[in-house]
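Below is one structure, written out as structure tokens, with a few remarks after it.
Below, the structure written as structure tokens:
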């Protein structure tokens, strides 16, 4: 997850936030992976009240922060930000669909013109006397 608001924080605050996230991960036995760091840095800065509330509940219940819990936390509270990525892909996908549709329509129009010409030629032939065709 990349939060644009993080670009605006100063170095000292960012360092303190990272240290706090790392302390939490050590305290609760969390494996220090990038996804787990994202969870705990968001928890430390209170970026998601829902995430903070859920982690506080897990801490109160003395739950173990294993990989399954970490995956669930990440997918529930941080992965929705991957929607931004998916949304970012929409223009490219639309462009691809539009290109395919344009090719299809171009071919359909060409086929239609060919059929119209053939029908026109056949209609001209049907009006001529038989002797002129032979």
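Numbering (our numbering), first residue to last: 226 to 359.
All residues carry an ideal CB built from backbone N, CA and C; glycine is no exception.
Fair warning: this is a prediction, and the values are worked out from it, not measured in the lab.
Residue 319 in three-state terms, based on DSSP: Helix, per DSSP.
Exposure label - residue 238; buried when at least 16 CB within 10 Å: exposed
Cα-Cα separation between residue 300 and residue 329, rounded to whole angstroms: 39 angstroms
Residues of its chain near residue 243, where Cβ-Cβ distance is below 7 angstroms and the 5 sequence neighbours each way are ignored: 266
DSSP state of residue 227 mapped onto helix, strand, coil: Per-residue confidence for residue 227 stands at a pLDDT of 49, beneath the threshold of 50, marking its modelled position as unreliable; the derived number appears in the next sentence. DSSP places residue 227 in coil when its eight states are reduced to three.
Beta-carbon separation (whole angstroms), residue 251 vs residue 290, contact threshold 8 angstroms: Actually they do not touch by this definition, with Cβ atoms about 11 angstroms apart.
When 332, 320, 279, 294 are compared against residue 260, the one with the closest alpha-carbon: 294
CA nearest to the CA of residue 240, picked from 303, 269, 338, 257: 269
Span of the alpha helix (DSSP H), counted from its first residue to its last, around residue 259: Its alpha helix (DSSP H) spans residues 259 to 270.
Test item: CB-CB of residue 253 and residue 276 under 8 angstroms: no
Test item: CB-CB of residue 262 and residue 272 under 8 angstroms: no
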